[in-house]
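**Student:** My structure is below; once you've seen it, I'll send some questions.
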Amino acid sequence: MPKANNRVFVVGVGMTKFEKPGRREGWDYPQMAKESGTKALEDAGIAYSEVEQGFVGYCSGDSTSGQRALYELGMTGIPIVNVNNNCSTGSTALYLAAQSIRGGLADCVIALGFEKMQPGALSGGAEDRESPLGNHIKALAAIDEFAFPVAPWMFGAAGREHMKKYGTTAEHFAKIGHKNHKHSVNNPYAQFQKEYSLDDILSARMISDPLTKLQCSPTSDGSGAAIVVSEDYVSRHGLAEQAVEIVGQAMTTDFASTFDGSAANVIGYDMNVQASQRVYDQSGLGPDDFQVIELHDCFSANELLLYEALGLCGEGEAPGLIDDGDTTYGGRWVVNPSGGLISKGHPLGATGLAQCAELTWQLRGTADKRQVDGVTAALQHNIGLGGAAVVTAYQRATR
Numbered sequence: 001m002p003k004a005n006n007r008v009f010v011v012g013v014g015m016t017k018f019e020k021p022g023r024r025e026g027w028d029y030p031q032m033a034k035e036s037g038t039k040a041l042e043d044a045g046i047a048y049s050e051v052e053q054g055f056v057g058y059c060s061g062d063s064t065s066g067q068r069a070l071y072e073l074g075m076t077g078i079p080i081v082n083v084n085n086n087c088s089t090g091s092t093a094l095y096l097a098a099q100s101i102r103g104g105l106a107d108c109v110i111a112l113g114f115e116k117m118q119p120g121a122l123s124g125g126a127e128d129r130e131s132p133l134g135n136h137i138k139a140l141a142a143i144d145e146f147a148f149p150v151a152p153w154m155f156g157a158a159g160r161e162h163m164k165k166y167g168t169t170a171e172h173f174a175k176i177g178h179k180n181h182k183h184s185v186n187n188p189y190a191q192f193q194k195e196y197s198l199d200d201i202l203s204a205r206m207i208s209d210p211l212t213k214l215q216c217s218p219t220s221d222g223s224g225a226a227i228v229v230s231e232d233y234v235s236r237h238g239l240a241e242q243a244v245e246i247v248g249q250a251m252t253t254d255f256a257s258t259f260d261g262s263a264a265n266v267i268g269y270d271m272n273v274q275a276s277q278r279v280y281d282q283s284g285l286g287p288d289d290f291q292v293i294e295l296h297d298c299f300s301a302n303e304l305l306l307y308e309a310l311g312l313c314g315e316g317e318a319p320g321l322i323d324d325g326d327t328t329y330g331g332r333w334v335v336n337p338s339g340g341l342i343s344k345g346h347p348l349g350a351t352g353l354a355q356c357a358e359l360t361w362q363l364r365g366t367a368d369k370r371q372v373d374g375v376t377a378a379l380q381h382n383i384g385l386g387g388a389a390v391v392t393a394y395q396r397a398t399r
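So the sequence shown is residues 1 to 399, counted in full-length UniProt numbering.
And the structure:
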């Protein structure tokens, strides 16, 4: 495999507030993209004319919606690539932008993601063709009784499996929802900014045991963007003080083990293990070197499983991290200071870029009331079933 040569930096980030679908009248995806993209350009202190390529992610929309979105920033004839990788779409756009820089194909690239969603549970897609999740659903249905809505059933099944194997309780999952809602109180970009008691979380409407409504990410509208540049670009434009380096990044897709009879693997456990290990190998960093983590808590069960998949603890040990308060302020890591997908919201194409924005602010020390003390390295995880996992490690350029 060719070795990566060029260093990659994020020098500008921007996002919209995540909103309940349809809440902002007249707020279509071009307006969302203009808002997040303009903020990212202003944060970087550059004009859109500097951008040489664009990667635009979204899951619902027409084939050239990426062009229509970026045309709000300018029409300069650059290559624009439309990206769709289920819930990991935003991070996939970031991954492709970083590849362009790393490979020496460009000096300045924009990664942007947006989503304009319909209220309620996610639809199953086109009815005249096989679902890309068909094999995953069949594999899971062989070990757990099929139920609607499909996504919470899949992650709920993985949670139930963990409970059976390791004695995890419903309260452990609820504590994750409690933590993330509490974190979101300090995030002006979050769809929800209300703190709930643990009893509120536990007594909310059951969606797929043990997952209550307040442990499930909502449908959301919103957008995020990042300006990704080369080391030479950082030097020429004097951006070192605000630059955040991508020191490790990996994408994995499903392995044969996805269908080995484990609910955890159906929802991507092995993908997550492999992607994170590759990032640790690339960066020379391990789990204990990070102070802040934004990970894909589409459901609280996934966050719990990710503690183990990312190596924060051994298999079966995640409940201990939760009980000891190791994943919130004052603990070993602060996981999802933004409120995560559960409370910040989950506009599919924007999620990965919103995670990038939060971690960039954390590394710069500009996250206001959410700021984690002494941040020197940050870790990002984003997954889409069917499937792709993207893990990214960041450090300040001036470390």
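Where a beta carbon is used, it is the ideal one built from N, C-alpha and C, also for glycine.
Bear in mind the structure is a predicted one, so any value in this text is a computation, not a measurement.
Taking all protein chains shown into account, decide if T64 is buried (16 or more other Cβ within 10 angstroms of its Cβ) or exposed.
**Tutor:** Label assigned to T64: exposed.
**Student:** Which residues in the same chain have their Cβ closer than 7 angstroms to the Cβ of V229, if we skip the five residues on either side of it in sequence?
**Tutor:** Answer for V229: F9, V11, I101, D107 and C108, listed in chain order.
**Student:** Leaving out five residues on either side along the sequence, give the residues of the same chain with a beta carbon under 6 angstroms from the beta carbon of S88.
**Tutor:** Closer than 6 angstroms at the Cβ level, and outside the excluded window around S88, lie N382, I383, G384, A388 and V390.
**Student:** Specify, as a first and last residue, the run of the alpha helix (DSSP H) that R68 falls within.
**Tutor:** Start and end: S65 to L70.
**Student:** Determine the direct distance from the alpha carbon of E308 to that of E317, and round the result to whole angstroms.
**Tutor:** Roughly 7 angstroms separates the two Cα atoms.
**Student:** On the DSSP bridge assignment, give the partners of E115 in chain order.
**Tutor:** Answer is G222.
**Student:** Within its chain, find whatever has a CB closer than 8 angstroms to the CB of P188; leave out the 5 residues flanking it on each side and keep chain order.
**Tutor:** Within the same chain, P188 has close Cβ partners K17.
**Student:** Mind checking whether residue 409 and G345 have CB atoms under 8 angstroms apart?
**Tutor:** The shown model of the chain, from 1 to 399, leaves out residue 409, and the question about it has no answer.
**Student:** When the Cα atoms are used, what is the spatial distance from A142 to S131?
**Tutor:** Cα-Cα distance, rounded: 17 angstroms.
**Student:** Evaluate Q395 with the Cβ neighbour count: other Cβ atoms within 10 Å of its Cβ, from every protein chain shown; 16 or more gives buried, anything less gives exposed.
**Tutor:** The residue is buried, with at least 16 neighbouring Cβ atoms inside 10 Å.
**Student:** Go ahead and pull the three-state DSSP assignment for Q53.
**Tutor:** Of the three classes helix, strand and coil, the one that applies to Q53 here is strand, per DSSP.
**Student:** Would you give the residue range spanned by the beta strand (DSSP E) that R396 belongs to?
**Tutor:** Looking at the DSSP string, the run of the beta strand (DSSP E) that includes R396 is A388 to R396.
**Student:** Along the chain, where does the beta strand (DSSP E) containing A250 start, and where does it finish?
**Tutor:** First-last of the beta strand (DSSP E) with A250: V244 to T252.
**Student:** Can you tell me which of the three DSSP states V185 falls into?
**Tutor:** V185 falls in the coil class under three-state DSSP.
**Student:** Using the beta-carbon count (16 or more within 10 Å), is A119 buried or exposed?
**Tutor:** One detail in the question is off: residue 119 reads as Pro in this sequence, not Ala. Looking at its Cβ environment, which holds fewer than 16 other Cβ atoms inside 10 Å, P119 is exposed.
**Student:** Which same chain residues end up closer than 7 angstroms to M1 when comparing Cβ atoms and leaving out the 5 residues on each side of it in sequence?
**Tutor:** Low confidence applies to M1: its pLDDT is 39, below 50, so where it sits in the model is not reliable, and the reading given next is rough at best. Closer than 7 angstroms at the Cβ level, and outside the excluded window around M1, lies no residue.
**Student:** As a quick exercise: from A151, Y233 and V247, pick the residue whose alpha carbon is nearest that of G45.
**Tutor:** When each option's Cα is compared against that of G45, the closest is Y233.
**Student:** Whose C-alpha, out of L312, M15, K34 and E145, is nearest the C-alpha of P287?
**Tutor:** Answer by Cα proximity: L312.
**Student:** I'd like to confirm the pairing. Which residues does DSSP put opposite residue 400 in its beta bridges?
**Tutor:** The question about residue 400 has no answer here: the residues shown for the chain are numbered 1 through 399.
**Student:** Let's test the definition: count the other Cβ atoms within 10 Å of the Cβ of L198 and tell me whether it reaches 16, buried, or not, exposed.
**Tutor:** With fewer than 16 Cβ atoms within 10 Å of its Cβ, L198 is classed as exposed.
**Student:** Evaluate F299 with the Cβ neighbour count: other Cβ atoms within 10 Å of its Cβ, from every protein chain shown; 16 or more gives buried, anything less gives exposed.
**Tutor:** With 16 or more other Cβ atoms within 10 Å, it is buried.
**Student:** Taking the straight line between their C-alpha atoms, what separation do you get for M75 and A47?
**Tutor:** Approximately 12 angstroms between the Cα atoms of the pair.
**Student:** Where do the N-terminal and C-terminal ends of the alpha helix (DSSP H) with I143 fall, by residue?
**Tutor:** First-last for I143: undefined, no H or E at that position.
**Student:** At the level of alpha carbons, what is the spacing between P149 and K175?
**Tutor:** Going from the Cα of P149 to the Cα of K175 covers about 23 angstroms.
**Student:** Using a Cβ distance threshold of 8 angstroms, determine whether the segment 234-243 contacts the segment 198-207, with at least three qualifying pairs required.
**Tutor:** The segment 234-243, when compared against the segment 198-207, does not touch it at the 8 angstroms Cβ threshold.
**Student:** Expressed to the nearest angstrom, what Euclidean distance is found between the alpha-carbon atoms of F259 and N85?
**Tutor:** F259 and N85: Cα-Cα distance of roughly 20 angstroms.
**Student:** Would you decide whether R23 is buried or exposed? Buried here means 16 or more other CB atoms lie within 10 Å of its CB.
**Tutor:** Classification for R23: exposed.
**Student:** Please list the terminal residues of the continuous alpha helix (DSSP H) segment that includes H296.
**Tutor:** Element bounds for H296: n/a, residue is neither H nor E.
**Student:** Using a Cβ-Cβ cut-off of 8 angstroms (strictly less than) and excluding sequence neighbours within five positions of E50, which residues of its own chain qualify?
**Tutor:** Excluding positions up to five away in sequence, the list reads C108.
**Student:** Rounded to a whole number of angstroms, what is the C-alpha to C-alpha distance between R332 and D326?
**Tutor:** Taking the straight line from one Cα to the other gives about 5 angstroms.
**Student:** Where DSSP assigns a beta bridge to H381, which residues make up the other side?
**Tutor:** BP columns for H381 point to V391.
**Student:** Please name the residue in A33, K179 and V83 whose C-alpha comes closest to that of L341.
**Tutor:** Among A33, K179 and V83, the Cα nearest to that of L341 belongs to K179.
**Student:** I'd like the list of long-range same chain contacts for L359, defined as Cβ closer than 7 angstroms, with 5 residues on each side in sequence excluded.
**Tutor:** Excluding positions up to five away in sequence, the list reads V292, E294, A378, Q380 and Y394.
**Student:** To the nearest whole angstrom, what separates the beta carbons of V83 and A69, a pair I think is in contact under 8 angstroms?
**Tutor:** Incorrect: roughly 11 angstroms between the Cβ atoms, too far for contact.
**Student:** Throw me the rounded Cβ distance for the A357 and G90 pair, which I believe falls under 8 angstroms.
**Tutor:** In fact, because the Cβ distance is near 10 angstroms, the residues do not count as touching under 8 angstroms.
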